[in-house]
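Trainee: Each residue of the sequence shown is one higher than the one before, starting from 6 at the first, in this note's numbering. Ideal Cβ positions, reconstructed from N, Cα and C, are used throughout, including at glycine. None of the values given here were measured: they were computed from a predicted structure.
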Amino acid sequence: MTDFLVKHFVKNYTDTEDIKVRENYGTMAGITGIVCNIFLFVLKFAVGTLSGSISVLSDAFNNLSDSASCVVTLFGCKMAAKPADKDHPFGHGRAEYLTSLIIAVIIILVGFELLRSSAGKIVSPDEVKFSAAALISLFASIGVKLWMSVFNTKLGKRINSPVMMATAQDSRSDVIATSAAVIGLTASLFTTLPIDGAMGIVVSIFIIKGGFGIVKDTVDDLIGKPADHELIKKIEDIVTAPDKIIGVHDLVVHDYGPGKKLASCHAEVRSDENFVAAHDVIDGIERDIFKKLGIMMTIHMDPVDVDNEQTNACRKAVEEYAAQLDPRLRIHDFRLVPGDTHTNLVFDIVVPYDCKYSESELKEKLSQLMNASKDTKYYLVITIDRDFGEE
């Protein structure tokens with residue numbers, strides 16, 4: 006069903022990096038969600054009113070709020086598709102993150118309202134009238150919401166949309182809510198205890214928890230989080246593919262919303278390389294990354310002296326000592342600056358955030374290890390770097 010809708014309502018549906026295609030995906034998903042949720046609201050409102058079930062009525066209004074969420078999704082996708090302008094030179098892609106945040110707030114508010122009404126039903130319970138029609142309609146609702154969850158998850162993964170993933174989470178919360186309503190309705194056949202209200206409280210907790218989960222994921226996107234390993238590996242493979250590039254470091258990926266990424270890195274070349282030729286190679290790499298990954302890349306060229314035996318020996322020693330302290334430590338931009346009384350070893354070291362040594366301790370221990378059994382006095386000039394990719 007999902008593929009049928011995509012093929013019939015999304016033009017050029019395979020080009021998921023295209024802003025217009027992403028907008029069409031969002032429009033199709035939003036309209037589908039509105040139609041499904043309005044249908045479920047009408048169905049559950051009628052069933053809840055006839056049976057007197059607070060959990061069914063609460064679930065009905067939850068579906069009504071879901072319709073509002075779908076409207077927000079439509080607006081967010083339209084906003085994110087707007088081209089860059091003088092006030093927003095990186096585009097409007099992060100509007101999707103803001104939309105996800107709005108949906109999360111709606112989910113949380115619905116959860117707290119359900120919690121309030123369910124607690125009231127425990128204190129002052131109303132009679133719940135069992136109805137086979139009500140039970141059938143609730144099972145139908147579960148089926149629709151399961152499909153909507155799968156539908157939005159598929160689309161969300163296909164176009165890397167946080168809005169659709171949030172909507173999928175909302176649908177899963179609805180499945181739990183409606184399942185609880187089924188239990189409450191069925192329990193009315195066997196007991197007069199306020200099972201309906203108790204199940205409403207359980208459902209509200211699940212809904213609130215899901216809402217806060219979306220908030221956390223969305224806030225992480227807005228604040229900034231590491232690029233995933235797969236993307237980092239793809240960029241590194243493209244950068245190091247030409248023979249003139251002997252290494253890469255300081256790779257940073259900036260995310261300005263789905264489909265809009267900028268990145269930068271340092272590419273290592275031999276110090277005796279023809280710099281004009283090397284620069285031409287780097288220009289080609291930047292174009293290649295944009296063509297294959299859609300990422301605007303800026304590459305800084307780092308010359309490396311690979312033929313100096315003393316430099317190579319010192320670098321090897323530093324790398325071995327660093328591995329003793331933490332195998333994850335990585336060295337780059339290594340230079341040897343000799344002097345009359347001592348020799349400076351100047352380098353950057355990439356340190357994991359959870360390294361057990363502080364920056365000062367790390368520098369001190371490396372200096373001690375490097376000078377422990379050496380005739381030459383070494384001064385270590387160390388710059389601490391952090392890894393901007395996932396660890």
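Pull up the distance between the alpha-carbon of F46 and that of E241, whole angstroms please.
Mentor: Straight-line Cα distance between these residues: approximately 50 angstroms.
Trainee: Closer than 8 angstroms is the cut-off here; do at least three beta carbon pairs connect the stretch 249 to 257 with the stretch 279 to 294?
Mentor: Yes, the stretch 249 to 257 is in contact with the stretch 279 to 294.
Trainee: Measuring alpha carbon to alpha carbon, tell me which residue in K162, V110, G148, V128 is nearest R27.
Mentor: With distances taken between Cα atoms, R27 lies closest to K162.
Trainee: Express the C-alpha separation of E22 and K296 in angstroms, rounding to a whole number.
Mentor: Roughly 11 angstroms between the two C-alpha positions.
Trainee: Could you name each continuous beta strand (DSSP E) segment of 3 residues or more that falls completely within the stretch 202 to 275, going from the start of the chain to the end?
Mentor: With a minimum length of 3 residues, the continuous beta strand (DSSP E) runs that stay inside the stretch 202 to 275 are 252 to 260, 266 to 275.
Trainee: Considering only the beta carbon of each residue, do I294 and V244 sit closer than 9 angstroms?
Mentor: The answer is yes: Cβ separation under 9 angstroms.
Trainee: Would you list the residues sitting across from T2 in a DSSP beta bridge?
Mentor: As displayed, the chain neither begins before 6 nor continues past 396, which places residue 2 out of reach and without an answer.
Trainee: Short check: CB of I213 to CB of I108, under 9 angstroms?
Mentor: Against a cut-off of 9 angstroms, the Cβ pair of I108 and I213 comes out as no contact.
Trainee: Residue range of the beta strand (DSSP E) that F339 falls in?
Mentor: Element bounds for F339: 335 to 343.
Trainee: Taking the alpha carbon of E369 as the point to measure from, which residue in G344, V207, A327, F339 has its own alpha carbon closest?
Mentor: It is A327 whose Cα lies nearest to the Cα of E369.
Trainee: Is DSSP giving T388 helix, strand or coil here?
Mentor: Looking at T388 - three-state DSSP - the assignment turns out to be strand.
Trainee: Could you name the residues of the same chain whose beta carbon sits closer than 7 angstroms to that of I206, not counting the 5 residues immediately before and after it, in chain order?
Mentor: Cβ within range, chain order: L120, S123, A124.
Trainee: Quick check on the DSSP output: what are the complete alpha helix (DSSP H) runs of length 4 or more inside the stretch 156 to 202, in order along the chain?
Mentor: Correct list: 167 to 192.
Trainee: Would F393 be called buried (16 or more neighbouring beta carbons within 10 Å of its own) or exposed?
Mentor: That one is buried.
Trainee: Using DSSP with H/G/I as helix, E/B as strand and the rest coil, what is N42?
Mentor: Of the three classes helix, strand and coil, the one that applies to N42 here is helix, per DSSP.
Trainee: By the DSSP assignment, the alpha helix (DSSP H) with N317 in it spans what residues?
Mentor: It spans 314 to 330 - the alpha helix (DSSP H) in which N317 sits, taken as one unbroken run.
Trainee: Report yes if the CB atom of N42 is closer than 9 angstroms to the CB atom of C75, and no otherwise.
Mentor: Yes, the Cβ-Cβ distance between N42 and C75 is below 9 angstroms.
Trainee: According to DSSP, simplified to helix, strand and coil, what is Y102?
Mentor: Of the three classes helix, strand and coil, the one that applies to Y102 here is helix, per DSSP.
Trainee: Between R340, L374, L334, which has its C-alpha nearest D359's C-alpha?
Mentor: For D359, the nearest C-alpha among the options comes from L334.
Trainee: Of the residues I389, F80, Y102, which one's Cα is nearest the Cα of E366?
Mentor: If we check each option's Cα against that of E366, I389 comes out closest.
Trainee: From the DSSP secondary-structure annotation, give me the bridge partner or partners of Y383.
Mentor: Answer is T348.
Trainee: For the stretch 21 to 93, which segments carrying the alpha helix (DSSP H) assignment without a break, of at least 4 residues, lie completely within its bounds, in sequence order?
Mentor: Entirely contained in the stretch 21 to 93, the alpha helix (DSSP H) runs reaching 4 residues are, in chain order, 24 to 56, 59 to 85.
Trainee: Starting from the C-beta of N68, find all residues in its chain whose C-beta is less than 6 angstroms away, skip the five residues before and the five after it, and write them out in chain order.
Mentor: Excluding sequence neighbours, N68 sits near N42, L45, F46.
Trainee: Roughly how many angstroms separate the alpha carbons of N157 and A171, rounded to a whole number?
Mentor: Cα to Cα, the separation comes out at about 9 angstroms.
Trainee: For the structure I just gave you, are there three or more beta carbon pairs, one from the stretch 254 to 266 and one from the stretch 313 to 322, closer than 8 angstroms?
Mentor: The stretch 254 to 266, when compared against the stretch 313 to 322, does not touch it at the 8 angstroms Cβ threshold.
Trainee: Quick check: the stretch 135 to 148 against the stretch 215 to 234, are at least 3 beta-carbon pairs closer than 8 angstroms?
Mentor: The answer is no - the stretch 135 to 148 does not touch the stretch 215 to 234, with fewer than three Cβ pairs under 8 angstroms.
Trainee: Can you tell me the Cα-Cα spacing of K150 and A89, whole angstroms?
Mentor: K150 and A89: Cα-Cα distance of roughly 36 angstroms.
Trainee: Using only CA atoms, which one of P308, S269, K321 lies nearest to R292?
Mentor: Of P308, S269, K321, the residue nearest in Cα terms is S269.
Trainee: Tell me which residues share the same chain as V187 and place their Cβ nearer than 8 angstroms to its Cβ, disregarding the 5 neighbours each side in the sequence.
Mentor: Contacts found: L140, L143, F144, I147.
Trainee: Just curious, the alpha helix (DSSP H) that E291 is in, first and last residue?
Mentor: It spans 280 to 298 - the alpha helix (DSSP H) in which E291 sits, taken as one unbroken run.
Trainee: From E325, F9, T381, pick the residue whose C-alpha is nearest to that of L371; which is it?
Mentor: Out of E325, F9, T381, E325 has the C-alpha closest to the C-alpha of L371.
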